[in-house]
Structures are given as C-alpha cells and as structure tokens.
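Asks:
In my numbering, the protein residues as written are 1 to 472.
Okay, here's the thing in structure tokens:
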C-alpha cells in the first residue's frame, strides 16, 4: 500500500496538484491494485465508474481478457505517455503489479451544436456548420459522402503543446503530387512548431507564398463546401479544436464561388457569379481611377460631368489621394468597430459612422460628395466576395493602386496591374497554378469563371488538380 500511496502522490505532483486532476486508488480481486487517472473537467465521471464496474465483473469471473473492452487499449506503463493521454481527455488505469496501463477512450469535451456559420450565410441549402470537435465534423462530412475511399489521416504536430491535424481526401480524385507536397510541409511543421494555438499557423506552413496578399488556402466552416471540394480532387485539413476547415489546392476564382450558385437556377447562379468577378475589379481599381482622373485625366469625362466635378472639389483643401484616404480609413474604422462591438451596438455604429460622420465631413468641406460615392461603392464591392480572407486582401490591395494613380495617373495603374498579373501568374497553391485557367491558359475551362454549368452535364476535373478525374 505504501507503493500505491507514493505513486498517487507522484502522479498528483506530475500534474502540478491541479484541482480537476483525479488520481484514485481502486482494487480488483486477485490483488490487482490500480490507480485511475483522469481530468474531471474532460471526462464524465459516471462513464468512468461504469467501465470500472465492467472490469471488476470480468476479473471476478476470471476472464482471460478481463481488461479488453471496445473502448480500451492496453500497453506498457510510461509516465510520459500517461501524461499525454490524460491531457488529451483519456482515462488511464495504471496497474501497479504488472506495470501496465489501460487507456479508455471516453472524453466528454463540450462543443456547441452544428449551427450555420455566421460568416458564410446562404439563402438555400444546408444550414449546418462545423464545431470544435473533430469527431462531429467528420460525421457531418461522412453523412454526405458515403463512399469508402474517403481517406482520413492524422498528424501530431508541436514539440511542447501537441495538437492533432487531420487531412482527408478522396483516393480516386486526389492528385498525388499535391498530397506529397502537403505531407512534406506537415512534416516540416512537426519539427519547427512548438504548438498549434491558432489555426492561422497552418497557413504559414502550408502556403507556398505566405507573404502574398492572396490566400492560397480556402477557409470554410460549411460541410457542403467541403463535400464539393473533395469531389474536385482537393485536400481538406482540420484541427481537433477549431471549426475551420482548410482546402487546398485552390485557384483565385475558387473564392468567388458560393453554394448559392449551385442551389440556384443556372441563369441566376451564373449572373451572381459574374457580379462577384466584376466586384473584384471595382473594389481594387475604382478609387485609383477616381484619383487618376481628378489628378491627371479630366479629359476622359464628359464636359458637363467634368465641370461639375471640378466645382465640387474646388473648395476641398486636400489633394485627391488624401481625400480618398480619409474616407477609406473611416470605412475601415467603422468595419473594425462593428466586428468588436456587441451585436446590439452594431447598427448604432453603422448609422453614426455611415450617416452622421459621412454627412459632417462633406458639410465641413473636408471631402467631396463624389469621393464618398466612390469609396462607398468600393466598400460594397469588396463585401460581395463570399470569402472573408479574400475580402480582406481585396481591401488591402486598393491602397497601392491609389498611391500609384496619385503619382502617375493611368500609367501608374497599368504598371500596378502588370505587377499584379505577374505575381498571380507565379503564385501556386500546393504546387498547382493559382491563376488557373488563365495560367496555364485552358480555353475550355474559361467559362467556369463566369458561368455555372448544368448539373446534368458531366463535369471533368480541372486539369491543374486531376487531368483524368471525373466528378462523382
């Protein structure tokens, strides 16, 4: 018994005497002394007691495999392994006589219900999203994808705070080059990452160009989007603590597709997809065009509009760039405040910032009416993007074009456009071309950018992912 008590004290010391750590002595027939270890905050105590009762009954009847249950695994005792299992939410039964331990899989980790993600709302289709539990998330995917070749693999990353990264794909569609590149990057992450405390860490390790303003991995919390991307031959990553799923490889135009495109009629879905693509051009270039016209190129406007615009800005004390920056910064401040404030105050800050402040700065002569219209159209266009990460990138991109337009007019915009296209042409996502189907140019895929095809039509896989694959 002395050895039993000293071992209990050793375990409690190992777990820093945490109030929710339980190390309890239990005894079996035939002098099988044991210690039960678990975190009470991560395990249901009633389930633990039930499994202990089952083991006691099996030892009473001298069962040969008394320690075998559907939720247990027996192995040699290791303090390091015991600590790892308990921290992951397992219950461990330490057998002192045989120096072995039995791990029971019965975590009781809390998670919310799979409600629709607030940042990916749709009009038609499924209204459920991922949660902070990998088993629930995998269940939501397998509920839709009832095929045996959906392969799920797990990698443990982190040298100190270990976390599990799951990646899954369809064996018949996934490109082996993309898969090999992903596994190589995950191995690198295992060596360099101390822990996985934010899902954004995956971006830095997996993206080919982490300093690019364009995201090369798509984030989503919708199971239906994951289903669609898996059938396109893409690979999905998830962590065991976040509802966010990462999809790769992707193209720039993947971010402009929404589940509503495929749930709506062909013409309607195609129309709104074209609207989103046009909104990208408006969000990036409209403020730059305004600055270039007002600063250098009045002659491109009709005479009546040119006179009215000159009269409107004649009393403004700032040049067009500063004028546009004032309104842009106000818009960004309103957006950031709307995210951080409680929902009950979001409408208030929108009214105060959008109407009151906007009207006051125009009445005070700090900015013109035209620049308010331009910036408002730009903000609306940037929010049309269904992807939050690309939405942020688009808002950042317009500032370099504004500075280029203020220095060189249309020539500066053209130079910026050239540099942007060069960057997009050289960008990759898991070694697949990011600007597909423009680069490499694939004429028979160009229509997919603007049009949603009929579901009755057979859709071959994009050549950048699986040239010979077919949709299921």
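Every residue, glycine too, gets a C-beta built ideally from N, C-alpha and C. The structure presented is a predicted model; accordingly, all values stated were derived computationally and were not measured.
To the nearest angstrom, how far is it from the Cα of residue 136 to the Cα of residue 104?
Replies: 19 Å
Asks: How many whole angstroms separate the CB atoms of residue 252 and residue 435, which I take to be in contact at a CB cut-off of 8 Å?
Replies: At roughly 6 Å, the Cβ-Cβ gap stays under 8 Å, so residue 252 and residue 435 are in contact.
Asks: How would you write the range of the beta strand (DSSP E) that residue 155 sits in, first residue to last?
Replies: 150-157
Asks: DSSP three-state label for residue 165, please.
Replies: strand
Asks: Leaving out five residues before and five after residue 359 in sequence, what residues of the same chain have Cβ atoms less than 7 Å from its Cβ?
Replies: none
Asks: How about residue 3 and residue 96: do their beta carbons lie closer than 8 Å?
Replies: yes
Asks: Residue 219 bridges to which residues according to DSSP?
Replies: 246
Asks: What's the C-alpha gap between residue 17 and residue 51?
Replies: Taking the straight line from one Cα to the other gives about 25 Å.
Asks: Grab me the residues of residue 294's own chain with a C-beta within less than 6 Å of its C-beta, minus the 5 sequence neighbours each way, in chain order.
Replies: 320
Asks: Does DSSP classify residue 195 as helix, strand or coil?
Replies: Note: residue 195 maps to strand in three-state DSSP.
Asks: With a cut-off of 8 Å on the beta carbons, I'd call residue 217 and residue 185 a contact; round off their distance for me.
Replies: About 11 Å separates the two Cβ atoms, so there is no contact after all.
Asks: Can you grab the Cα-Cα spacing for the pair residue 475 / residue 332, in whole Å?
Replies: With the chain covering only 1 through 472, there is no way to say anything about residue 475.
Asks: Please report whether the beta-carbon of residue 54 lies at a distance below 8 Å from any beta-carbon of chain B.
Replies: Note that chain B does not occur in the displayed structure, where there is just one protein chain.
Asks: Could I get the ranges of all uninterrupted beta strand (DSSP E) runs contained in the region 63-146, with 3 residues as the minimum, in chain order?
Replies: 72-76, 91-95 and 100-104
Asks: Please look up how many angstroms separate the CB atoms of residue 292 and residue 409, rounded, as I've assumed it's under 8 Å.
Replies: 4 Å
Asks: Quick check on DSSP: helix, strand or coil for residue 206?
Replies: helix
Asks: Relative to the C-alpha of residue 98, which candidate in 34, 72, 123 and 6 has its C-alpha closest?
Replies: 34
Asks: For residue 515, which residues does DSSP report across the bridge?
Replies: Lying before the first or after the last residue shown, residue 515 is absent from the chain, which here runs from 1 to 472.
Asks: Using a Cβ-Cβ cut-off of 6 Å (strictly less than) and excluding sequence neighbours within five positions of residue 128, which residues of its own chain qualify?
Replies: Closer than 6 Å at the Cβ level, and outside the excluded window around residue 128, lie 114.
Asks: One question on the structure: do residue 38 and residue 118 come within less than 8 Å of each other, judged by their Cβ atoms?
Replies: no
Asks: Count Cβ pairs between the region 412-428 and the region 230-243 that sit closer than 8 Å; are there 3 or more?
Replies: no
Asks: Between residue 258 and the rest of its own chain, which residues show a CB-CB distance below 6 Å, the 5 nearest in sequence each way excluded?
Replies: 386
Asks: Which first and last residues belong to the alpha helix (DSSP H) in which residue 278 is found?
Replies: 266-295
Asks: Short of 6 Å in beta carbon distance, which residues of its chain neighbour residue 269, apart from the five on each side in sequence? Order them along the chain.
Replies: 261 and 452
Asks: Using 8 Å as the threshold, is the C-beta distance between residue 179 and residue 150 below it?
Replies: no
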